[in-house]
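Residue numbers (numbering that gives the first Met the number 0): 0 to 177.
Using N, Cα and C, we set each Cβ at its ideal position, and we do this for glycine too.
Accompanying notes for the structure given below.
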Amino acid sequence: MEAVLKVKSGVDVFLRWFCIALFAALVLLVVWQVFVRQVLHSGSPWSEAAGRIVFIWQGLIGAAYVIGEKDDVAIDFLVRRVPQKFAKAVEILAHLIVAAFAGVILVYGGSGIVMDRWADTVQLLPVTEGVLYLVLPITGALILFYEVVSILQTITAEKLEVADPNEMDIDDIVEEGL
0 MEAVLKVKSG VDVFLRWFCI ALFAALVLLV VWQVFVRQVL HSGSPWSEAA GRIVFIWQGL
60 IGAAYVIGEK DDVAIDFLVR RVPQKFAKAV EILAHLIVAA FAGVILVYGG SGIVMDRWAD
120 TVQLLPVTEG VLYLVLPITG ALILFYEVVS ILQTITAEKL EVADPNEMDI DDIVEEGL
């Protein structure tokens with residue numbers, strides 16, 4: 000398990016910096032576009048197209064990173080409502096549902112879209128639509144990786160921390176964003 004957590008830590012660091020780089024690129028593209036429109040009174044259509052692609056990549060890769068950090072809106076409401084003896088099973092089921100979505104929709108479906116669109120060019124940019132859609136299977140693979148790690152952590156955990164359902168109120172749920 001220690002080796003898996005080291006790999007996860009490395010993936011976390013890479014994704015964190017990758018998202019920062021994508022965000023910086025997005026800011027530069029938007030600033031360039033505003034400069035060209037407001038100062039030069041011209042248009043820069045390539046920067047708008049590039050900005051859209053960078054925004055999509057940053058959003059999806061960022062979502063995978065957030066899932067890996069367990070900062071996403073998780074299905075832990077049910078885990079907190081079941082008796083302790085069922086908490087692990089419900090937690091694992093929640094991770095399996097997310098993993099199934101990532102595997103079927105993002106990896107399998109995304110790979111199909113990538114293959115279908117690989118030769119189609121993006122207007123104004125020297126890339127194909129396949130490159131744009133490549134983020135789908137990449138994100139799916141990252142989410143699958145993080146969900147497998149989460150399942151392993153749940154299995155190896157001695158006891159899940161589960162709140163007493165009688166002590167929960169709506170303010171706690173709202174505060175956590177659920």
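Can you name the start and end residues of the alpha helix (DSSP H) that Asp115 belongs to? Translated into positions along the sequence shown, residue 115 becomes position 116. Taken as a continuous stretch (DSSP letters only), the alpha helix (DSSP H) holding Asp115 covers Gly109 to Arg116.
For Thr127, which beta-bridge partners are listed by DSSP? Sequence index remark: in the sequence shown, residue 127 carries index 128 (1-based). Looking at the DSSP output, Thr127 bridges to Thr120.
Does the count of Cβ pairs from the stretch 49-66 and the stretch 128-143 closer than 8 angstroms reach three? Between the stretch 49-66 and the stretch 128-143 there are three or more inter-stretch CB-CB distances shorter than 8 angstroms, so the stretches are counted as touching.
Beta-carbon gap between Glu90 and Thr153 smaller than 9 angstroms: Translated into positions along the sequence shown, residue 90 becomes position 91. Translated into positions along the sequence shown, residue 153 becomes position 154. With contacts defined as CB atoms closer than 9 angstroms, Glu90 and Thr153 qualify as a contacting pair.
Would you mind stating whether Ala48 and Leu124 have Cβ atoms separated by less than 9 angstroms? Along the sequence shown, read from residue 1 onward, the residue named residue 48 stands at position 49. Along the sequence shown, read from residue 1 onward, the residue named residue 124 stands at position 125. With respect to Leu124, Ala48 sits close: the two C-beta atoms are nearer than 9 angstroms.
Using the three-state DSSP reduction, which class does Pro44 fall into: helix, strand or coil? Taking the first residue of the sequence shown as 1, we reach residue 44 at position 45. Pro44: helix per DSSP, three-state reduction.
Taking the alpha helix (DSSP H) that Gly139 falls in, what are its first and last residues? Taking the sequence shown and counting its residues from 1, the one referred to as residue 139 is at position 140. Val134 to Thr155 is the extent of the alpha helix (DSSP H) around Gly139.
Between Ala23 and Ala99, what straight-line distance do the alpha-carbon atoms span, to the nearest angstrom? Mapped onto the sequence shown, residue 23 falls at position 24. Mapped onto the sequence shown, residue 99 falls at position 100. Linking Ala23 to Ala99 through their CA atoms gives a straight-line distance of about 32 angstroms.
Can you tell me the Cα-Cα spacing of Phe13 and Lys87, whole angstroms? For the purposes of this step, residue 13 is identified with residue 14 of the sequence shown, where counting begins at 1. For the purposes of this step, residue 87 is identified with residue 88 of the sequence shown, where counting begins at 1. Cα-Cα distance, rounded: 30 angstroms.
How would you call Arg36, buried or exposed, if buried means at least 16 neighbouring beta carbons within 10 angstroms? Within the sequence shown, residue 36 is the residue found at index 37, counting from 1. So Arg36 counts as exposed.
Nearest to Val53 by CA position, among Thr155, Val147 and Val126, is which residue? Residue numbering aside, residue 53 sits at position 54 when the sequence shown is read from its first letter. Out of Thr155, Val147 and Val126, the CA that lies nearest to the CA of Val53 is found in Val126.
Whether Lys7 touches Val97 by CB criterion (9 angstroms): By one-based count along the sequence shown, residue 7 stands at place 8. By one-based count along the sequence shown, residue 97 stands at place 98. Contact check for Lys7 against Val97 fails: the beta carbons are separated by 9 angstroms or more.
Report whether the distance from the Cβ of Gln152 to the nearest heavy atom of the ligand MN is below 8 angstroms. Ligands displayed in this structure: none; no statement on the ligand MN is therefore possible.
DSSP three-state call for Glu68: helix, strand or coil? The sequence position of residue 68 within the sequence shown is 69, counting from 1. DSSP, read as helix, strand or coil, puts Glu68 in coil.
Applying the 10 Å Cβ sphere with the 16-neighbour rule, what's the burial state of Ala2? What you label residue 2 is simply residue 3 of the sequence shown in a count that begins at 1. With fewer than 16 other CB atoms across the displayed protein chains lying within 10 angstroms of its CB, Ala2 is exposed.
Rounded distance between the beta-carbons of Leu105 and Pro136, thought under 8 angstroms: Here residue 136 refers to the residue found at position 137 when the sequence shown is read from its first residue. Here residue 105 refers to the residue found at position 106 when the sequence shown is read from its first residue. Rounded to the nearest angstrom, the Cβ distance from Pro136 to Leu105 is 6 angstroms, consistent with a contact under 8 angstroms.
Distance between Val121 and Leu15 (C-alpha atoms, nearest Å): Position 16 of the sequence shown holds residue 15. Position 122 of the sequence shown holds residue 121. Note on residue identity: the sequence assigns Arg, not Leu, to residue 15. Using only the alpha carbons, I get a separation of about 27 angstroms.
Looking only at its chain, what residues have a beta carbon closer than 8 angstroms to the beta carbon of Asp119, apart from the 5 residues adjacent to it on each side? The residue labelled residue 119 in the question sits at position 120 within the sequence shown. Same-chain partners within the cutoff: Thr127, Glu128 and Gly129.
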